[in-house]
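> Structure in structure tokens, see below.
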Amino acid sequence: MATDTLKSTTGAGAPSGLRRLLLDNGALTALIVLAVALSALSGDFLTTDNLLNIGVQAAVTAILAFGVTFVIVAAGIDLSVGSVAALTSTVLAWSATQSGMPVALAVVLAIATGVGAGLLNGFLIAYGKLPPFIATLAMLSVARGLSLVISGGVPITFPASVSHLGDTLGGWLPVPVLVMVAMGLLAALVLGRTYIGRSMYAIGGNEEAARLSGLRVNRQKLVIYALSGVFAAVAGIVLAARLGSAQPQAADGYELDAIAAVVIGGASLAGGTGKASGTFVGALILAVLRNGLNLLNVSAFWQQVVIGVVIALAVLLDAVRRKAGATPVAGAGGPKGKQVATYGLAAVVTVAVVGATSFLHSGSTSSANPKMGLSLSTLNNPFFVQIRSGAEAEAKKRGVDLTVTDAQNDASQQANQLQNFTSSKLGAIIVNPVDSDAASNSVKAADRAGIPVVAVDRGVNKASIDALIASDNVAGGELAARSIGEKLGGKGKIVILQGQAGTSAARERAAGFAKGLKAYPGIRVVAQQPADFDRTKGLDVMSNLLQAHPDVQGVIAANDEMALGAIKALGSKAGKSVAVVGFDGTPDGLTAVKGGTLYASVAQQPSQLGRIAVDNALEAVHGKKVQPMVKVPVKVVTKQNVAGFTG
Numbered sequence: 033m034a035t036d037t038l039k040s041t042t043g044a045g046a047p048s049g050l051r052r053l054l055l056d057n058g059a060l061t062a063l064i065v066l067a068v069a070l071s072a073l074s075g076d077f078l079t080t081d082n083l084l085n086i087g088v089q090a091a092v093t094a095i096l097a098f099g100v101t102f103v104i105v106a107a108g109i110d111l112s113v114g115s116v117a118a119l120t121s122t123v124l125a126w127s128a129t130q131s132g133m134p135v136a137l138a139v140v141l142a143i144a145t146g147v148g149a150g151l152l153n154g155f156l157i158a159y160g161k162l163p164p165f166i167a168t169l170a171m172l173s174v175a176r177g178l179s180l181v182i183s184g185g186v187p188i189t190f191p192a193s194v195s196h197l198g199d200t201l202g203g204w205l206p207v208p209v210l211v212m213v214a215m216g217l218l219a220a221l222v223l224g225r226t227y228i229g230r231s232m233y234a235i236g237g238n239e240e241a242a243r244l245s246g247l248r249v250n251r252q253k254l255v256i257y258a259l260s261g262v263f264a265a266v267a268g269i270v271l272a273a274r275l276g277s278a279q280p281q282a283a284d285g286y287e288l289d290a291i292a293a294v295v296i297g298g299a300s301l302a303g304g305t306g307k308a309s310g311t312f313v314g315a316l317i318l319a320v321l322r323n324g325l326n327l328l329n330v331s332a333f334w335q336q337v338v339i340g341v342v343i344a345l346a347v348l349l350d351a352v353r354r355k356a357g358a359t360p361v362a363g364a365g366g367p368k369g370k371q372v373a374t375y376g377l378a379a380v381v382t383v384a385v386v387g388a389t390s391f392l393h394s395g396s397t398s399s400a401n402p403k404m405g406l407s408l409s410t411l412n413n414p415f416f417v418q419i420r421s422g423a424e425a426e427a428k429k430r431g432v433d434l435t436v437t438d439a440q441n442d443a444s445q446q447a448n449q450l451q452n453f454t455s456s457k458l459g460a461i462i463v464n465p466v467d468s469d470a471a472s473n474s475v476k477a478a479d480r481a482g483i484p485v486v487a488v489d490r491g492v493n494k495a496s497i498d499a500l501i502a503s504d505n506v507a508g509g510e511l512a513a514r515s516i517g518e519k520l521g522g523k524g525k526i527v528i529l530q531g532q533a534g535t536s537a538a539r540e541r542a543a544g545f546a547k548g549l550k551a552y553p554g555i556r557v558v559a560q561q562p563a564d565f566d567r568t569k570g571l572d573v574m575s576n577l578l579q580a581h582p583d584v585q586g587v588i589a590a591n592d593e594m595a596l597g598a599i600k601a602l603g604s605k606a607g608k609s610v611a612v613v614g615f616d617g618t619p620d621g622l623t624a625v626k627g628g629t630l631y632a633s634v635a636q637q638p639s640q641l642g643r644i645a646v647d648n649a650l651e652a653v654h655g656k657k658v659q660p661m662v663k664v665p666v667k668v669v670t671k672q673n674v675a676g677f678t679g
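Mapping the sequence shown onto this note's numbering, position 601 (from 1) lands on 633, and the numbers just tick up by one.
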């Protein structure tokens, strides 16, 4: 077996024993330092609930990364694992619910889907001679597209029998953690004790030499990428079980986290080195970083910067190791006893130092101000930025310590944030769900902990919340349709720019558009395309649609950002021969209304949503009864009334 055991050079240039220990176990050292630092900085870090949260949050990334480890050890790359995870979970949910297939058979079909995707990657690379980057990049797009096609862009609720994978054993031990450990042991067994594992190291070390020695390299690559597909399938099933539904947009970008975990864990992108234990430590580092930065109320934008710096430092450490005289060697076995002793010593040191730092918080008293957490679906959209602004202004006015997080339209990341809020024992939680179904399990956990939960803008399905502060997206969609219908005199050709597939806001607003347009049979919708609530995509999609429908007379966009992109594509036609209606009443949207390029925006008064959400959460903290549903009226803002609108 070939391993990534490092052999020190001898002589005057050889590093000292301590330096060698640190260089050879850089990821483990970093994890210990992080644990100690976060224990000192946050009294909420070193709790049983939070440590279990970290395990759950690391599970999906770690399982994906174990599969990616096989590929990277063999000097390849797999960019498709996130999309394959989403596809396999969608196949499982669809098969077990809509097609009526037995759950056991549906699970087998989902795993087979992962294997098939991996085999196709391997075939394109081994026999089609495509670079791994290109082949897996293509699969990334294909798998994500198939996931959207199968689901119709709508999350599919998971069968109860499969959802138990997201539960706990004995009320405290999370099943995802057990699955992660099992898959990690399997990965270690494959790498360390099997013929295919030895083949991975041989191919990664020198592919041509491996071929000349009689190794069937192409056949081994098929197996390697198929294994990556299996691990991606398991990760997708665990993720969907945790969220209670298969999300077609799930695990978006997770392939980068998986690759980062492998690299942080000590593997080289040049191939030939890497091990399952290192990958596991790398995944833990990413989870601990995100968890700790959330607890410390660090901006989600800065979190990305920090994680990027950590990845860069991991690669630099690998370069330092090699420059210091550490060279990968291939051989059987390795100093297993020494490795076990190293990990044991690390555990003892960590427990001792972390235990000592815990005394820093033992005498601390809780803040007089009530603490709340606000998890927003995204802060890459002016509408949600305004919700945050309204909430923060009201929190400051009422003396509330408010922590705001950004889920970046990732239901799994939001589940992590909500779990962090729960383990921190906050007074109340305000959530703007990425998806109403996916947030349910996390909200149930908060309910069990006795923490009031207030939803803003979107509700939470299958879970008890104290209040929902929202506008009616369906009613708003009807108002948008009515506005365009009246502007065009009841007849004409229009296009609809839809929101991000799979989100509740996109579905509800689209339903409102359809319902409202029924009153105008003379209005013909010539095209409907998603532009993901994004201004740039709105510009691109509208530019493309104009090629096929240059005589369009109206545009309805599911938010102002897409409407502004459409206006840019329309040029001088906007506000003259083509009427554009947006949604949200954002500052840029209202400026366009004043300028006449945007005919109208259905404004939800997002600042009011944030303010009222904080007020109701504070009432719930004080044990007062709150209304289960608080409706904030929507308004159609046009050039005639925009001057008096405050947002």
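Idealized CB from N, CA, C, for every residue including glycine.
Small disclaimer: the values here were computed from a predicted structure and weren't measured.
Quick one: what does DSSP say L205 is sitting in, helix, strand or coil?
L205: strand per DSSP, three-state reduction.
> Could you say if the segment 102-119 and the segment 163-183 meet the contact criterion of at least three C-beta pairs nearer than 8 Å?
Taking 8 Å as the limit for Cβ pairs, the verdict is that the segment 163-183 does touch the segment 102-119.
> Quick check: the Cα distance between V492 and A471, rounded to an integer number of angstroms?
Cα-Cα distance, rounded: 6 Å.
> Three-state secondary structure (DSSP) at V432?
Residue state, collapsed to three classes: coil.
> At which residue ranges does the segment 202-261 contain complete alpha helix (DSSP H) runs of 4 or more residues, listed in the order of the chain?
Entirely contained in the segment 202-261, the alpha helix (DSSP H) runs reaching 4 residues are, in chain order, 207-225, 227-237 and 239-244.
> In three-state DSSP terms, what is V666?
V666 falls in the coil class under three-state DSSP.
> Excluding the 5 residues preceding and the 5 following M215 in the sequence, name in chain order all residues of the same chain whose CB lies nearer than 7 Å to its CB.
Result list for M215: I95, F98, F263 and V266, in chain order.
> Given a threshold of 16 other Cβ atoms within 10 Å of its Cβ, counted over all protein chains shown, does T410 qualify as buried or as exposed?
T410 should be labelled buried.
> Helix or strand or just coil, what does DSSP make of I188?
I188 falls in the strand class under three-state DSSP.
> Rounded to whole angstroms, what is the Cα-Cα separation between T86 and I526?
Per the sequence shown, residue 86 should be read as Ile rather than Thr. Taking the straight line joining both Cα atoms gives about 49 Å.
> Thinking C-alpha only, which one of A142, Q579 and V625 is nearest A595?
Ranking the options by Cα distance to A595, first place goes to V625.
> Touching or not, the segment 147-159 and the segment 501-518, by the rule of three or more beta carbon pairs under 8 Å?
Cβ pair count under 8 Å is below three, so no.
> Could you tell me whether the segment 589-606 touches the segment 423-431, where touching means 3 or more Cβ pairs closer than 8 Å?
No, the segment 589-606 does not touch the segment 423-431.
> Does the segment 234-253 come within contact of the segment 290-309, defined as at least 3 CB pairs closer than 8 Å?
Yes, they touch.
> Would you please state the rounded distance, in angstroms, between the beta carbons of M232 and F102? I believe it to be under 8 Å.
Contact flag correct, Cβ pair sits at about 6 Å.
> Could you give the DSSP three-state label for Q418: helix, strand or coil?
In the structure shown, Q418 sits in a helix (DSSP, three-state: H, G or I).
> Given a threshold of 16 other Cβ atoms within 10 Å of its Cβ, counted over all protein chains shown, does P360 qualify as buried or as exposed?
Any reading at P360 must be qualified, since the residue scores a pLDDT of 48, below 50, and its modelled position is unreliable; the value itself is stated next. Label assigned to P360: buried.
> Can you tell me the Cα-Cα spacing of I462 and V488, whole angstroms?
Between I462 and V488, the C-alpha separation is close to 7 Å.
> Mark A241 as exposed unless 16 or more other C-beta atoms lie within 10 angstroms of its C-beta, in which case mark it buried.
Classification of A241: exposed, given that the 10 Å Cβ count is below 16.
> Smallest Cα separation from V634: which of V610, L151, V653 and V664?
When each option's Cα is compared against that of V634, the closest is V664.
> Confirm, please, whether the CB-CB distance from S74 to L328 is below 7 Å.
Against a cut-off of 7 Å, the Cβ pair of S74 and L328 comes out as a contact.
> Thinking C-beta only, is L124 closer than 7 Å to A691?
Past the boundaries of the shown model lies residue 691; the chain is included only from 33 to 679, so the question cannot be answered.
> Should the segment 665-672 be regarded as contacting the segment 542-561, the criterion being three or more beta carbon pairs within less than 8 Å?
Output reads no: the segment 542-561 does not touch the segment 665-672.
> How many angstroms separate the CA atom of V186 from the CA atom of A538?
Approximately 10 Å between the Cα atoms of the pair.
> Just the Cα atoms here: how many angstroms apart are L223 and A513?
Rounded to the nearest angstrom, the two C-alpha atoms are 59 Å apart.
> Between which two residues does the alpha helix (DSSP H) carrying V573 extend?
Element bounds for V573: R567 to A580.
> Identify every run of the alpha helix (DSSP H) within the segment 447-522, keeping only runs that are complete inside it and at least 4 residues long; order them along the chain.
Counting whole runs of 4 or more residues, the segment 447-522 contains the alpha helix (DSSP H) stretches 472-480 and 505-519.
> Let me confirm a value: F165 is counted as buried when at least 16 other C-beta atoms fall within 10 Å, else exposed. Which label applies?
Exposed, because fewer than 16 other Cβ atoms sit within 10 Å of the Cβ of F165.
> Would the beta-carbon of A308 fall within 7 Å of that of A170?
Cβ distance not < 7 Å, so A308 and A170 don't count as in contact.
> Tell me where the beta strand (DSSP E) around M404 begins and ends.
Note, M404: beta strand (DSSP E), K403 to L408.
> Once DSSP output is grouped into helix, strand and coil, what is the label at S633?
Reduced to three states, the DSSP call for S633 is strand.
> Can you grab the Cα-Cα spacing for the pair I296 / Q335, in whole Å?
Using only the alpha carbons, I get a separation of about 17 Å.
> Just curious, the alpha helix (DSSP H) that F545 is in, first and last residue?
Where F545 is concerned, the enclosing alpha helix (DSSP H) stretches over S536 to L549.
> State buried or exposed for P163, treating a residue as buried only when at least 16 other CB atoms are found within 10 Å of its CB.
With fewer than 16 Cβ atoms within 10 Å of its Cβ, P163 is classed as exposed.
> Given a threshold of 16 other Cβ atoms within 10 Å of its Cβ, counted over all protein chains shown, does K253 qualify as buried or as exposed?
When all chains shown are included, K253 counts as buried.
> Could you say which of D76, V92 and I483 lies nearest to V211 if we only look at CA atoms?
Cα-wise, what sits closest to V211 is V92.
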